[in-house]
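Working notes, beginning with the structure itself.
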Amino acid sequence: MCGICGYIGYVDRKPLGEMLKALEHRGPDDEGTFFDGDVALGMRRLSIIDLERGHQPLSNEDGSVWIVYNGEVYNYRELRRELEGRGHRFSTSSDTEVIVHLYEDFGEDCVRMLRGMFAFALWDGKNKKLFLARDRIGIKPLFYYHRNGRFVFASEIKSLLRHPEVSKDLSLPSLYYFLTFLYIPAPHTIFKGIKKLPPGHILSWAEGRSTLRQYWDLHFPEPDAQPEEYYRERIYELLKESVRMRMISDVPLGAFLSGGVDSSTVVGLMSEVSSEPVRTFSIGYGEKAESYDELEYARIVARHFGTEHHEYIVEPDVVELLPKIVWHLDEPFADSSAIPTFLVSEVARKHVKVCLSGVGGDEVFGGYPRYIGERLAGYYEKLPYLLRKHILAKIVELLPESTESRNIPGWIKRFVRGGALKPDDRYISWISFLDRKHATRLFRDGPPGDDSLPFDIHRRLYRDNDAGNSLDRIFYLDVKTYLSDDLLAMGDRMSMANSLELRVPFCDHEVIEFSATIPYALKLEGFKLKSLLKKTVQPLLPEPIIKRKKQGFMVPLAKWFQNELRGYVVDLLSWERVEKRGYFRYEYIRWVLDQHYRNRRNFTDLIFALVSLELWHQMYIDGGDK
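And the structure:
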């Protein structure tokens, strides 16, 4: 695992050193550079495989192809044997060298043969071409910027910003994306000129021009008429294989354990594969926030599998922690699970260099309330319009919202607001945290962009796929947006902030592709979330884990904002600061805080978004990201 960066069209070597400094946390073990005229490649390495000889940048035998690479290719041993059979000779035992030789034989199509997580840049000296690639699901990040015949790339935005050619002009449409979804969807970033290389895409730069091409997409074939047992057996086989592949390492590894079905499944399968006790890591919140605490369930799993278990109790010392988290996230981001992910990564790094996580199970096997909502919407639409619009809608808006982890009144309100809309509008309504009405009240000059914003990306993805029903379309969108741009982006930044590699077995592309063949009636039996996955792993897991209700990786921010962090929030969102920025109306922000403090509305997500934005602005705009 590494941080990579580089550029083409700029002969000065000094910027590469500055860019590498910004990536030191991603690779504290080693640094390497390569220069060829106006081409520069750099890497910071976290040594996981072939500790002695895995130095980068790495080249082929004649030095005509050079690569900097971040990630893990789990089928590299099989690929290496195939390449050796074709006459290639290797000087290391790393997966990096496999990619170089694959490129020699297969060119840009080499990415189709890779199974794993990766982002790399390869310089083809013979053809004077820079070739960038990102894995299918978007587990590993890659950003780029180009202007006036110059091209710059890096694993993180903060590294790009160290190059003198890269501008820091803020994108107001991206700010709107952020406040709506709490993250910024690819290919956009908060900066106008900086782009994310989308998952499943490759980019080549030659003669001052870039070519972007998609090499993978998720497809939905006609479901086979197979019995349920067939799907259960195949899911178990694929997940076990995925876990086994992700346990390849020359350094100690462990697992995040929340006590939910997904992380418990990963730990259980690791225990089946490993001859040694699995190291597990969990966090909790103590007596003040019991409804958010999952340690009881994590301990059940740890005892069941005999793991070497480690726990950490989180106190609301977020004032000190938040600026560090915001800096590592690179751009405005407001999924509060970044806080526990950072903390559990910090604890785990004291014991291991690699951790496996259950991220992706909800997206791949139907674990969110919106899947139930989509099924319920069919019944809701049959109610008389007047009852839905003028009676039920008004009644549910009067329900008081909760600051506990299960805010059921909030879920009911969200369902009713979107329940009678068209399927694509319904999905958008359920995943949005800022609707048009509130955006108009928040933005000083009105919402940025045209009327298609901020839902243009989601509408296009909802339309442009071959799923045969609305539930599979939701699955497709969750994988293409929320999974890659929120969960995986956050997991990468928070783990790498602590120099920890995070591996995600549920995000194996073969697991996801198989899930797309499963009839949704099996995935979601009645109104039971993840019913097929739970049946699959029922023999593996303790009964309380199978029967417990879903709870995300959450923190009690709503309570903290009302109590310990109240003064901190009021100061960050003061009239002086809001006026200085010039984006928003202070009167609306004051109303939001008042509603939240009086327990009339739970505005935790919007408040956290505004707080995160202010902290980010102080660092990246006012302070130059230092």
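Each residue of the sequence shown is one higher than the one before, counting from 2 in my numbering.
The beta carbon of each residue, even a glycine, is placed where N, CA and C say it ideally should be.
The structure displayed is predicted, hence computed values, not measured ones.
Residue i classed as buried or exposed, judged by whether at least 16 other C-beta atoms fall within 10 angstroms
i, result
"T441", "exposed"
"T212", "exposed"
"F585", "buried"
"R81", "buried"
"G86", "exposed"
"D624", "It should be noted that the sequence gives Gly, not Asp, for residue 624. Exposed is the call here."
"W431", "buried"
"V12", "exposed"
"F107", "exposed"
"Y8", "buried"
"L400", "exposed"
"V320", "exposed"
"P385", "exposed"
"A335", "buried"
"N128", "exposed"
"S1", "The chain is shown only over 2 to 627; residue 1 falls outside these bounds and no answer can be derived."
"K481", "buried"
"V571", "exposed"
"S272", "buried"
"N600", "exposed"
"H227", "Rather than His, the amino acid found at residue 227 in this sequence is Gln. Exposed, by the Cβ-count rule."
Three-state class that DSSP yields for residue i in the structure shown
i, result
"M555", "coil"
"K627", "The pLDDT assigned to K627 is 46, lower than 50, so where the model puts this residue is not dependable, and the model offers no usable value."
"F604", "coil"
"S433", "coil"
"K529", "strand"
"L80", "helix"
"P540", "coil"
"P29", "strand"
"E85", "helix"
"D451", "coil"
"I138", "coil"
"D487", "helix"
"A23", "coil"
"R578", "helix"
Span of the alpha helix (DSSP H) around residue i
i, result
"I413", "I409 to G420"
"F343", "A339 to R350"
"L323", "V319 to L330"
"E398", "A394 to E398"
"Y380", "P370 to Y381"
"G492", "A490 to M497"
"D479", "Looking at the DSSP string, D479 is not in any alpha helix (DSSP H), and its letter there is neither H nor E."
"I262", "What sits at residue 262 in the sequence shown is Val, not Ile. Counting along the chain, the alpha helix (DSSP H) containing V262 begins and ends at V262 to V274."
Residues that residue i bridges to, as DSSP identifies them
i, result
"T34", "G43"
"H618", "DSSP lists no partner for H618."
"W67", "S60 and W124"
"L503", "C356"
"C6", "G43 and A155"
"G1", "What the structure shows of the chain is the stretch from 2 to 627, and residue 1 is not part of that stretch, so it cannot be assessed."
"M246", "For M246, which the question treats as bridged, DSSP gives no partner whatsoever."
"E73", "M118"
"G285", "I314"
"P186", "Note: P186 sits in no beta bridge, so no partner."
"K15", "For K15, which the question treats as bridged, DSSP gives no partner whatsoever."
"F192", "L171"
"F91", "Answer is none; F91 lacks a bridge partner."
"F444", "F585"
"D197", "It should be noted that the sequence gives Lys, not Asp, for residue 197. Answer is F144."
"P224", "Per DSSP, none; premise fails for P224."
"E309", "R280"
Range covered by the beta strand (DSSP E) that runs through residue i
i, result
"R586", "Neither: R586 is in no beta strand (DSSP E) and is coded neither H nor E."
"A207", "H202 to A207"
"S516", "Not the beta strand (DSSP E): S516 falls in the alpha helix (DSSP H), residues H510 to S516."
"K130", "K130 to R135"
"R210", "R210 to Q215"
Any C-beta of chain E under 8 Å from that of residue i
i, result
"I203", "No chain E is present in this structure, which holds just one protein chain."
Do three or more CB pairs link the stretch 333-349 to the stretch 305-315 at distances below 8 Å?
-> By the C-beta criterion, the stretch 333-349 is judged to be in contact with the stretch 305-315, since at least 3 inter-stretch pairs fall below 8 Å.
Sufficient close CB pairs (3 or more, under 8 Å) joining the stretch 523-530 to the stretch 364-372:
As far as the Cβ criterion goes, the stretch 523-530 touches the stretch 364-372, which means the pair count is three or higher.
Exercise for review: Count the CB pairs spanning the stretch 210-225 and the stretch 499-518 that are closer than 8 Å, and state whether there are at least three.
Suggested key: With the cut-off at 8 Å, the stretch 210-225 and the stretch 499-518 touch.
**Message:** Under 8 Å: do the stretch 169-189 and the stretch 317-327 share three or more Cβ pairs, one atom per stretch?
**Reply:** No, the stretch 169-189 is not in contact with the stretch 317-327.
Contact between the stretch 150-163 and the stretch 498-505 (3+ Cβ pairs under 8 Å):
No, the stretch 150-163 does not touch the stretch 498-505.
>> For the pair the stretch 102-122 and the stretch 167-174, tell me if three or more CB-CB distances fall below 8 Å.
In response: No: fewer than three Cβ pairs fall under 8 Å.
Counting beta carbon pairs with one atom in the stretch 460-469 and one in the stretch 600-612, are three or more of them shorter than 8 Å?
Segments in contact, no.
*Contact between the stretch 352-365 and the stretch 259-271: three or more CB pairs below 8 Å?*
At 8 Å Cβ cutoff, the stretches touch.
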